[in-house]
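Read through the structure below, which is laid out as C-alpha cells, and then see the notes.
Protein chains: 2
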Amino acid sequence: MTAAAGSPGAPQELDLDEQIAAYQREFPEVDPQVEKVVTALGRLNRRMNVAYGRQLVDLGISNSEWEVLKALVVVGRPYRLGPGDLAKRLGLTPAAMTHRIDRMVAEGLVTRDRDEANRVRVIVELTDEGREKWLQTMRLAAAFEDELLQDLTPVERAALGEILTRLLRRVESSQPDAGGRLEDLD
Amino acid sequence: MTAAAGSPGAPQELDLDEQIAAYQREFPEVDPQVEKVVTALGRLNRRMNVAYGRQLVDLGISNSEWEVLKALVVVGRPYRLGPGDLAKRLGLTPAAMTHRIDRMVAEGLVTRDRDEANRVRVIVELTDEGREKWLQTMRLAAAFEDELLQDLTPVERAALGEILTRLLRRVESSQPDAGGRLEDLD
DNA sequence: ACAAGAAACTTTATCTCTGAAGTCTTCAGG
DNA sequence: CCTGAAGACTTCAGAGATAAAGTTTCTTGT
Numbered sequence: 001m002t003a004a005a006g007s008p009g010a011p012q013e014l015d016l017d018e019q020i021a022a023y024q025r026e027f028p029e030v031d032p033q034v035e036k037v038v039t040a041l042g043r044l045n046r047r048m049n050v051a052y053g054r055q056l057v058d059l060g061i062s063n064s065e066w067e068v069l070k071a072l073v074v075v076g077r078p079y080r081l082g083p084g085d086l087a088k089r090l091g092l093t094p095a096a097m098t099h100r101i102d103r104m105v106a107e108g109l110v111t112r113d114r115d116e117a118n119r120v121r122v123i124v125e126l127t128d129e130g131r132e133k134w135l136q137t138m139r140l141a142a143a144f145e146d147e148l149l150q151d152l153t154p155v156e157r158a159a160l161g162e163i164l165t166r167l168l169r170r171v172e173s174s175q176p177d178a179g180g181r182l183e184d185l186d
Numbered sequence: 001m002t003a004a005a006g007s008p009g010a011p012q013e014l015d016l017d018e019q020i021a022a023y024q025r026e027f028p029e030v031d032p033q034v035e036k037v038v039t040a041l042g043r044l045n046r047r048m049n050v051a052y053g054r055q056l057v058d059l060g061i062s063n064s065e066w067e068v069l070k071a072l073v074v075v076g077r078p079y080r081l082g083p084g085d086l087a088k089r090l091g092l093t094p095a096a097m098t099h100r101i102d103r104m105v106a107e108g109l110v111t112r113d114r115d116e117a118n119r120v121r122v123i124v125e126l127t128d129e130g131r132e133k134w135l136q137t138m139r140l141a142a143a144f145e146d147e148l149l150q151d152l153t154p155v156e157r158a159a160l161g162e163i164l165t166r167l168l169r170r171v172e173s174s175q176p177d178a179g180g181r182l183e184d185l186d
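Chain order of the listed sequences is L and A. Under the UniProt record's numbering, the first residue of the first sequence carries the number 1, and numbering increases by one thereafter. Under the UniProt record's numbering, the first residue of the second sequence carries the number 1, and numbering increases by one thereafter.
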C-alpha cells in the first residue's frame with residue numbers, strides 16, 4: 001500500500017483551525033475571527049442535521065416529512081395549513097409541496113381536502129398519527145439537543161441564545177422574505 | 001378579498017419567540033432555552049445560505065460549484081484532489097461528484113486528468129479561472145459576514161467563536177465521520 | 001348577469017442526487 | 001505470466017426539486 005502520487009493516507013476532513021489557517025493563507029484579507037464563527041456555524045448545522053436524519057430514519061420518516069409535521073404543529077390546533085402556505089414556510093415551490101403531501105397522505109400523516117368554503121383552497125391537516133410521529137421526533141430531538149448543549153453553563157446558554165437571536169434579527173431584517181421563498185437548504 | 005375560512009392575511013414565517021412558545025405549548029417538556037439556541041442556529045444558517053446563494057448567482061456559479069472550489073482551495077497548491085476524496089469532503093456520493101465535475105470542466109473551473117502515476121486515480125485540479133472565481137466569492141462572502149457580525153463586540157465575537165467551537169468538537173467526536181459520507185445538506 | 005382577471009393548486013419537462021451495477025487498473029499469489 | 005481480489009471512478013435507473021404552463025374556482029367591473 002505505497003500510495004504513490006495523489007494523496008497519502010487519511011485526507012478526510014480538516015480540523016476547524018486548520019481550515020481557518022488555509023483561508024488566511026489563500027485570502028489574507030479575511031478576518032479569522034469572523035471566519036471561525038461562520039465556519040463553525042455551518043459545520044455545526046450540518047452535523048446536527050445528520051443527527052436528526054439518523055433519528056428520523058429510526059422513526060420511519062424523512063427529513064422532508066418532518067419539516068411538514070413541524071410546520072403544522074407550530075400553527076397549533078386544528079393543525080391546518082394550505083399547500084401554498086406550507087410551501088412558503090418550508091422554502092419550497094408549490095409543486096414540490098404537492099408531491100410531498102401526496103406521499104404524506106399515502107402514509108397517513110396528513111389529510112388533504114378541498115376547503116368547502118372556498119373551493120380554490122386546499123386544507124392539509126395533521127392526523128393523530130402524524131401528531132404522534134411529531135411527538136416521537138421531538139422527544140429524540142430534545143434529548144440530542146440537551147446532550148449537545150450539556151457542556152454549557154446556564155449563563156453561556158443564555159448568552160449564546162441572546163447573541164444568535166441578535167444575529168438572526170439582523171439577517172431577517174435585511175432579507176425581508178421579500179422574494180418569496182427562502183431558497184436553499186434548511 | 002375577504003379571506004373567508006382558511007388563513008387570514010399574512011401567515012408568512014413566525015417570529016422566533018412565537019415559535020418557541022408554540023413548541024412549549026405543544027410539547028411542555030422542552031427546554032425553551034435549548035430550543036431557542038437550536039432554532040436560531042438553524043434559521044441563521046438558512047438565511048446565510050440564501051445570502052450566499054444570491055451572491056453566487058451574481059457571479060454565475062452555483063452553490064454546488066462553490067463547494068468544490070472551496071474544497072480545492074483549502075488543500076492549497078497545486079489545488080488537486082481526486083473525485084472520491086472530494087465526494088467524501090462534501091458529503092456526496094462519488095456518482096454525484098462525477099456529474100459535478102463534468103459541469104465544472106465544461107465551464108473551465110477545473111480540469112480532470114488521469115493520474116499517470118496510478119492510472120486508477122483521477123486528478124481534479126483548479127484552473128486559474130476557477131481560483132479567480134473563488135477569490136471573487138470570498139470577497140463577497142467576507143463582506144456579508146463582516147456585516148452580519150458587526151453588531152457584536154470583539155469580546156462577544158471571541159466568546160461566540162469559542163462556544164461554537166466547543167459544541168462542534170462535541171458533535172464531531174460523537175459522530176466520528178464513521179459511516180463515511182456526511183449525509184444531508186450543507 | 002357575464003366576461004376578464006386573479007388565485008391556488010396541479011401537471012409536465014428537466015436537473016441533480018442517491019444507490020447499485022459496471023468498467024478499468026493495480027496488487028498479490030501460484 | 002496469469003488469475004482473483006480490491007480499489008476508484010463512471011454509468012444507469014429512480015426519487016425529489018424547480019420552473020413554467022395548465023386547470024379550476026372565485027372576484028370584480030359594467
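In this text, a Cβ means the ideal position worked out from N, Cα and C, and glycines have one as well.
Chain A within 7 angstroms of T111 (chain L), Cβ atoms only: Translated into the one-based positions of the first sequence, residue 111 (chain L) becomes position 111. Not closer than 7 angstroms to any Cβ of chain A, the Cβ of T111 (chain L) fails to qualify, so no.
One or two residues paired with E156 (chain A) in a DSSP bridge: Translated into positions along the second sequence, residue 156 (chain A) becomes position 156. In the DSSP secondary-structure assignment, E156 (chain A) is not bridged to any residue.
Integer-rounded CB distance, given that V122 (chain A) should sit under 8 angstroms from P78 (chain A): Here residue 78 (chain A) corresponds to residue number 78 of the second sequence, with the count starting at 1. Here residue 122 (chain A) corresponds to residue number 122 of the second sequence, with the count starting at 1. Contact doesn't hold; Cβ gap of about 15 angstroms is too wide.
Bridge-paired residues (DSSP) for E125 (chain A): On the second sequence, position 125 is the one that residue 125 (chain A) refers to. DSSP lists A:R80, A:T111 as the beta-bridge partner residues of E125 (chain A).
For S64 (chain A) and M100 (chain A), believed in contact at Cβ under 8 angstroms, the rounded distance: Position 100 of the second sequence, counting from 1, holds the residue named residue 100 (chain A). Position 64 of the second sequence, counting from 1, holds the residue named residue 64 (chain A). The displayed chain sequence assigns Arg, not Met, to residue 100 (chain A). Sure, about 6 angstroms apart at Cβ, within 8 angstroms.
Residues that Q24 (chain A) contacts on chain L, provided the C-beta gap is smaller than 8 angstroms: Here residue 24 (chain A) refers to the residue found at position 24 of the second sequence. Near Q24 (chain A) there are no residues of chain L at all, since even the closest Cβ is about 11 angstroms away, more than 8 angstroms.
Beta-carbon proximity list for G94 (chain L), same chain, < 8 angstroms, skipping 5 on both sides: Taking the first sequence and counting its residues from 1, the one referred to as residue 94 (chain L) is at position 94. Note that residue 94 (chain L) corresponds to Pro in the displayed sequence, not to Gly. Around P94 (chain L): P83, G84, A87.
Cutoff 7 angstroms: G161 (chain L) Cβ touching any chain A Cβ: One-based indexing of the first sequence puts residue 161 (chain L) at position 161. Taking 7 angstroms as the threshold, the shortest C-beta distance from G161 (chain L) to chain A falls below it.
DSSP-derived helix/strand/coil call for S62 (chain L): By 1-based counting over the first sequence, the position of residue 62 (chain L) is 62. Annotated three-state conformation of S62 (chain L) is coil, per DSSP.
Inter-stretch contact at 8 angstroms, needing at least 3 Cβ pairs: the stretch 34-47 of chain L / the stretch 149-168 of chain A: Segments in contact, yes.
Rounded separation between D15 (chain A) and G53 (chain L) - CA only: In the second sequence, residue 15 (chain A) corresponds to position 15, counting from 1. In the first sequence, residue 53 (chain L) corresponds to position 53, counting from 1. Roughly 25 angstroms between the two C-alpha positions.
Cutoff 7 angstroms: K133 (chain A) Cβ touching any chain L Cβ: As a position in the second sequence, residue 133 (chain A) is number 133, starting the count at 1. No, no contact with chain L.
Chain A residues whose Cβ lies nearer than 7 angstroms to that of R43 (chain L): Here residue 43 (chain L) refers to the residue found at position 43 when the first sequence is read from its first residue. Result: L168.
Cutoff 7 angstroms: L86 (chain L) Cβ touching any chain A Cβ: In the first sequence, residue 86 (chain L) corresponds to position 86, counting from 1. Taking 7 angstroms as the CB threshold, L86 (chain L) stays off the interface with chain A.
C-alpha gap between A22 (chain A) and E67 (chain L), whole angstroms: Start at 1 with the first residue of the second sequence, and residue 22 (chain A) comes out as number 22. Start at 1 with the first residue of the first sequence, and residue 67 (chain L) comes out as number 67. If you take the alpha carbons of A22 (chain A) and E67 (chain L), they lie about 15 angstroms apart.
A117 (chain A) classed as buried or exposed, judged by whether at least 16 other C-beta atoms fall within 10 angstroms: Indexing the second sequence from 1 puts residue 117 (chain A) at position 117. Taking every protein chain shown into account, the CB of A117 (chain A) has fewer than 16 other CB atoms within 10 angstroms, so this residue is exposed.
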